[in-house]
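Contents: one structure, followed by commentary.
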Amino acid sequence: MRRKGVVGVVMAFALAASLCGCGGQDSPQSNTPTTTGQSANQTTASGSGENNTTDKTVEKPASISWWTHDGLNEADYVKEWDAKFQELTGIQLEHTQVANNEYTELLEVAFASGTEPNVFDVSCDQKVAYYASQGGIADLTDLVKSSGLYDKVDPAVWEAISIDGRIYGIPKGEASGIETYIRQDWLDQLGMEVPKNYEEYINMLRAFRDNIDKCSVPVVAPGLHAAMNLPEFYWDAEAGFTYVDGQWVDGMLQENFAGAMQRLQDAYAENLIDMEVITNTTSACRDKWYSGEVGAFSYWGGKWGDTLTARLQENFPDAKVTGMEALDESYYRFSSFTLWCIDGRLPADQVEQVFRYFLEYINDGDEGQKLYYCGVEGLHFDYDADGNMVYKNMASSPDNTFQSVWGTPWQAVVPFKEPDKVPQPSDIVIDTLEVLNKTGVYMKTTPVSQTLNQITSDLTVIRQETIANIVMGKVSVEDGLASYRSQAESLGIQQVLNEMNTK
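Our numbering numbers the first residue of the sequence shown as 1 and each following residue consecutively.
Okay, structure coming up:
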């Protein structure tokens with residue numbers, strides 16, 4: 001089972017100073033779902049209306065508006081998916097696809113103009129807390145618990161996404177996690193075993209550097225400040241805000257951070273870490289991996305295990321890849337969850353309608369969940385001779401099969417009622433997920449801090465510059481962290497922590 005602990009995550013950037021007038025649930029809203037005279041005597045919504053679990057009548061909305069910015073490409077039968085949703089539920093889905101790189105900004109603009117959708121996603125790296133504090137997303141705690149959904153999900157998930165015990169959304173799926181992939185064929189060539197501790201890991205990198213002609217980069221990473229990308233060096237340290245003994249703290253001001261910096265500085269000086277690590281993008285790291293010059297690379301588990309192996313073997317057919325278990329001194333991290341949230345401006349009865357007929361439906365373990373994760377029969381999947389769903393080839397990429405629709409079946413947070421009947425992961429995907437689940441730690445939802453909203457950009461720059469200067473040997477670990485403390489205190493880091501720890 002996955003470790004039940006949670007850790008914090010540094011906020012990548014600040015939201016706008018406010019949600020431009022987001023108010024409580026009684027605020028005006030031009031995008032509310034309309035209702036028909038038809039009602040459903042149920043709490044678990046379904047197309048047939050037969051899953052009665054309480055006596056409360058919840059009217060079925062005529063339409064629900066929904067924004068997405070990832071998942072299916074438009075060419076991959078999005079309109080057909082929407083039509084199938086309407087066929088099954090009797091609800092028109094006002095579905096808008098937004099460019100991924102514009103989503104955050106456009107959602108804020110929508111709130112400012114009163115045109116926000118009923119359902120949208122928000123990540124837990126402080127954005128959930130911020131939207132909740134502004135009334136932008138509805139508190140779903142009571143609905144989640146009364147529906148029975150609460151008992152179907154791993155308690156560690158609710159712990160990770162809750163803010164002061166309140167639930168503001170349903171995870172889009174299990175959080176993704178990063179693990180370390182290594183060249184097993186290089187280990188075989190050197191007669192070495194997969195490393196189990198830090199000493200063995202460093203010796204492996206040295207052996208790759210010295211004895212594998214093709215190896216020019218023993219380990220690659222996109223930057224130095226994310227512990228999840230370099231877990232072998234960070235161990236239990238974090239470069240952002242993290243939750244320790246019931247309090248939020250600045251990870252860079254903790255005692256364990258100096259050890260992480262010393263390990264990284266030493267490895268960089270030995271040319272074990274990519275010399276271009278400061279400027280690397282994730283795509284540049286993948287390209288170096290595919291070119292066969294990299295020995296170790298920490299990247300997403302799950303379906304990326306398939307992709308990293310397949311793309312490498314296109315260039316080097318004899319290459320073998322192993323997902324390394326976390327070292328004895330360290331653990332792997334899951335990314336922060338992303339939640340499907342409901343517009344907090346909606347009146348309570350309309351929040352319940354959207355919850356019952358959309359969020360609960362796509363997490364029912366059955367019809368709605370199959371539609372969400374598996375898609376439409378004949379377009380996204382077919383049935384094999386044993387009655388199991390098998391993904392079809394993508395319309396947008398005919399040489400590749402679907403691996404997900406709006407989410408991946410094997411990463412659903414609610415178990416399928418017939419898990420063997422939905423599309424199954426490959427052996428590589430299974431192996432990578434097993435590796436992650438042994439030590440993987442969830443990131444806890446970061447609380448809101450108005451001061452942090454104001455200083456995030458400056459603080460992020462100081463953090464990244466400090467880490468880069470230390471690792472590259474421009475300053476000692478002690479001097480670099482002392483300088484960081486002084487600059488962070490000048491920015492108001494103590495006020496940030498006071499606000500984050502205020503209940």
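Glycine included, C-beta positions come from ideal geometry on N, C-alpha and C.
| Check | Outcome |
| --- | --- |
| Whether M500 touches L452 by CB criterion (9 angstroms) | yes |
| T89 versus D399: straight-line alpha-carbon distance, rounded | 33 angstroms |
| In DSSP terms, what R311 is bridged to | Bridge partners of R311: none, in fact. |
| Straight-line gap, V413 to Y391 (C-alpha atoms, nearest Å) | 20 angstroms |
| P419 (DSSP reduced to helix, strand or coil) | coil |
| Buried or exposed (CB count within 10 angstroms, at least 16 for buried), A269 | exposed |
| Nonlocal neighbours in the same chain, by C-beta distance under 6 angstroms from Y234, ignoring five residues either side | A227, A260 |
| CB-CB length for F111 against G71, believed under 8 angstroms | The pair is not a contact, with the Cβ atoms about 22 angstroms apart (cut-off 8 angstroms). |
| Three-pair Cβ contact test at 8 angstroms for the segment 292-307 versus the segment 137-154 | no |
| Start and end residues, alpha helix (DSSP H) containing L224 | Per DSSP, L224 belongs to no alpha helix (DSSP H) and is neither H nor E. |
| C-alpha distance - S39 paired with D364, whole-angstrom precision | Low local confidence applies: a pLDDT of 37 at S39 is under 50, so the model's placement there is unreliable, with the coordinate-based value given in what follows. Rounded to the nearest angstrom, the two C-alpha atoms are 19 angstroms apart. |
| Contacts around W66, its chain only, beta-carbon distance under 8 angstroms, and the 5 residues preceding and following it disregarded | L93, E94, H95, T96, P117, N118, V119, F120, F358 |
| Cβ neighbours of A395 in the same chain (closer than 6 angstroms, five flanking residues each side left out) | A75, D76 |
| Where N498 falls: helix, strand or coil (DSSP) | helix |
| Sequence ranges, beta strand (DSSP E) only - wholly within the segment 371-445, length at least 3 | 381-383, 389-391 |
| Simplified DSSP assignment, three categories, for S483 | helix |
| Where F233 sits in the DSSP three-state scheme | helix |
| Collapsed DSSP secondary structure at Q247 in the structure displayed | strand |
| Bridge partners - W67, DSSP secondary structure assignment | T96 |
| Three-state class that DSSP yields for S298 in the structure shown | strand |
| Cut-off 6 angstroms between Cβ atoms - residues of its own chain near A207, not counting five sequence neighbours on either side | L190 |
| Straight-line gap, S483 to Q464 (C-alpha atoms, nearest Å) | 13 angstroms |
| 9 angstroms Cβ cutoff met for S406 and G169 | One point to set straight first is that residue 406 is Trp, not Ser, in the sequence displayed. No, these two residues do not count as a Cβ contact at 9 angstroms. |
| Check whether V429 and K303 have beta carbons under 9 angstroms apart | yes |
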